[in-house]
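Engineer: Position one of the sequence shown corresponds to residue 902 (this note's numbering), numbered consecutively onward. In this text, a Cβ means the ideal position worked out from N, Cα and C, and glycines have one as well. Here's a structure for you.
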Amino acid sequence: MNAFQDTAAIATGASAETGVPVPRRNKRKLLGMLLCIGAVVVVAVGGTLAFTSAQTSTDNAYVRGDVTSLAAKVAGYVTAVEVEDNQSVRVGEVLFRIDDRDYRARFAQAAATVNAAQARLTNVDAQTQLQRALIIQAQAQRRSAVAELNLATKTHDRSRKLIRSNAVSQALVDESGAARAKAEATLAAASATVEAQQQRIAVLVAEREAAVAGLAQAQAARDLAQIDLDSTVIRAPVAGVIGNRQVRIGRFVTPGVGLLDIVPVNDGCPVARCSSAGCSFPPFSSRPAAFRRSPPCPLAS
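Below, the structure is given as structure tokens:
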């Protein structure tokens, strides 16, 4: 009987308990509220699906970046390794060291060669100054020889005039002639000495040029030895994370052989490979610490 009354009440729009008719306006309001709630649920579900599809994950991922592979510039035995795999490093931080005893000895030898070359150059400069003084001395001796020749010439001419009047003997005339000839020879010798001393200046100039070139060569060899000595300490050229570390204490390294890699932190990003089966990221803790906050790169199919 109650069920029949409820059905009749709904059909007539009346209350099942009181039998009083329910206004159709309230029914419409209730229907509108149900439609609004349904619309909100649909929008929420759609947004959740869209957000979930944007957050793709994969187990087949790697870190992409401009990897810097480092190798030793000089050969030798590794004496110290300052870094580990997945360690963050700054620019200029020491990575490992090579035994530098041979390179220190070569640098000391090159520095001694520079000192010797500098001493040769200083010696040539001193000889040049001395040679200029010798030239001045030779020029003074030549002027003295010129004066003696003039005096001997005048004495000989006077003697020849006096012998005509028998005022002097022939022996005196001969002596004055010999003195004149001796003065001429002295002048010739003084002139030759001046010329020789001046030519010695040209030789010293050439020796100085050779000494300057030798000094420059010695300095270049010293600089190369310094570079080799500095190259025994390998430093990080860029900031990043250490990877693929193959250097070990006691290992003999040669130039050009890769020993470790550095992945720049700012340039690295995790890259996921996805297939039709879907994507999933590797365990979070398996990534290097520096890349756990790196923004993802575009997915690679």
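So, at 6 Å on beta carbons, what are the nonlocal neighbours of residue 1058 in its own chain, with the 5 sequence-adjacent residues on each side left out?
Structural biologist: If you number the sequence shown from 1, residue 1058 lands on position 157. Here the set comprises nothing.
Engineer: What residues in its chain sit with their C-beta under 6 Å from that of residue 1095, if we drop five residues either side in the sequence?
Structural biologist: Translated into the one-based positions of the sequence shown, residue 1095 becomes position 194. So the qualifying residues of the chain are 1039, 1040, 1043.
Engineer: Expressed to the nearest angstrom, what Euclidean distance is found between the alpha-carbon atoms of residue 1006 and residue 977?
Structural biologist: By one-based count along the sequence shown, residue 1006 stands at place 105. By one-based count along the sequence shown, residue 977 stands at place 76. Going from the Cα of residue 1006 to the Cα of residue 977 covers about 14 Å.
Engineer: State the start and end residues of the unbroken alpha helix (DSSP H) segment that holds residue 1058.
Structural biologist: If you number the sequence shown from 1, residue 1058 lands on position 157. Where residue 1058 is concerned, the enclosing alpha helix (DSSP H) stretches over 1002-1065.
Engineer: Between the region 1136-1156 and the region 1047-1061, do three or more beta carbon pairs fall short of 8 Å?
Structural biologist: At 8 Å Cβ cutoff, the stretches do not touch.
Engineer: Flag this pair as yes or no: are the beta carbons of residue 1105 and residue 1028 separated by less than 8 Å?
Structural biologist: Along the sequence shown, read from residue 1 onward, the residue named residue 1105 stands at position 204. Along the sequence shown, read from residue 1 onward, the residue named residue 1028 stands at position 127. The answer is yes: Cβ separation under 8 Å.
Engineer: State the DSSP-derived secondary structure class of residue 1077, mapped to helix, strand or coil.
Structural biologist: Working through the sequence shown from its first residue, we reach residue 1077 at position 176. Three-state result, residue 1077: helix.
Engineer: Alpha carbon to alpha carbon, how far is residue 1135 from residue 1031? Give it in angstroms, no decimals.
Structural biologist: One-based indexing of the sequence shown puts residue 1031 at position 130. One-based indexing of the sequence shown puts residue 1135 at position 234. Cα to Cα, the separation comes out at about 51 Å.
Engineer: Could you check what DSSP says for residue 1106 in three-state terms: helix, strand or coil?
Structural biologist: The count along the sequence shown starts at 1 and reaches residue 1106 at position 205. It is helical.
Engineer: Checking 8 Å against the spacing of the C-beta atoms, do residue 1148 and residue 1161 come in under that value?
Structural biologist: Within the sequence shown, the letter at position 247 stands for residue 1148. Within the sequence shown, the letter at position 260 stands for residue 1161. Yes, they are a contact pair.
Engineer: Quick check on the DSSP output: the beta strand (DSSP E) that includes residue 1162 runs from which residue to which?
Structural biologist: The residue you call residue 1162 lines up with position 261 of the sequence shown. Its beta strand (DSSP E) spans residues 1159-1165.
Engineer: Rounded to whole angstroms, what is the Cα-Cα separation between residue 1076 and residue 1060?
Structural biologist: Here residue 1076 refers to the residue found at position 175 when the sequence shown is read from its first residue. Here residue 1060 refers to the residue found at position 159 when the sequence shown is read from its first residue. Roughly 9 Å between the two C-alpha positions.
Engineer: Let me confirm a value: residue 1065 is counted as buried when at least 16 other C-beta atoms fall within 10 Å, else exposed. Which label applies?
Structural biologist: Sequence index remark: in the sequence shown, residue 1065 carries index 164 (1-based). Label assigned to residue 1065: exposed.
Engineer: Could you give the first and the last residue of the continuous beta strand (DSSP E) run that contains residue 981?
Structural biologist: The residue you call residue 981 lines up with position 80 of the sequence shown. First-last of the beta strand (DSSP E) with residue 981: 977-982.
Engineer: Give the straight-line distance between the Cα atoms of residue 1010 and residue 975, rounded to the nearest whole angstrom.
Structural biologist: As a working note, residue 1010 is residue 109 in the sequence shown. As a working note, residue 975 is residue 74 in the sequence shown. Residue 1010 and residue 975: Cα-Cα distance of roughly 18 Å.
Engineer: Below 8 Å on the Cβ atoms is my contact criterion, and I expect residue 1127 with residue 997 to pass it. Report the Cβ-Cβ distance as a whole number of Å.
Structural biologist: As a first step, residue 1127 must be located in the sequence shown, where it is residue number 226. As a first step, residue 997 must be located in the sequence shown, where it is residue number 96. Not quite, the Cβ-Cβ distance comes to about 20 Å (not below 8 Å), so this is no contact.
Engineer: Per DSSP, what kind of secondary structure is residue 1144 in: helix, strand or coil?
Structural biologist: The count along the sequence shown starts at 1 and reaches residue 1144 at position 243. Reduced to three states, the DSSP call for residue 1144 is strand.
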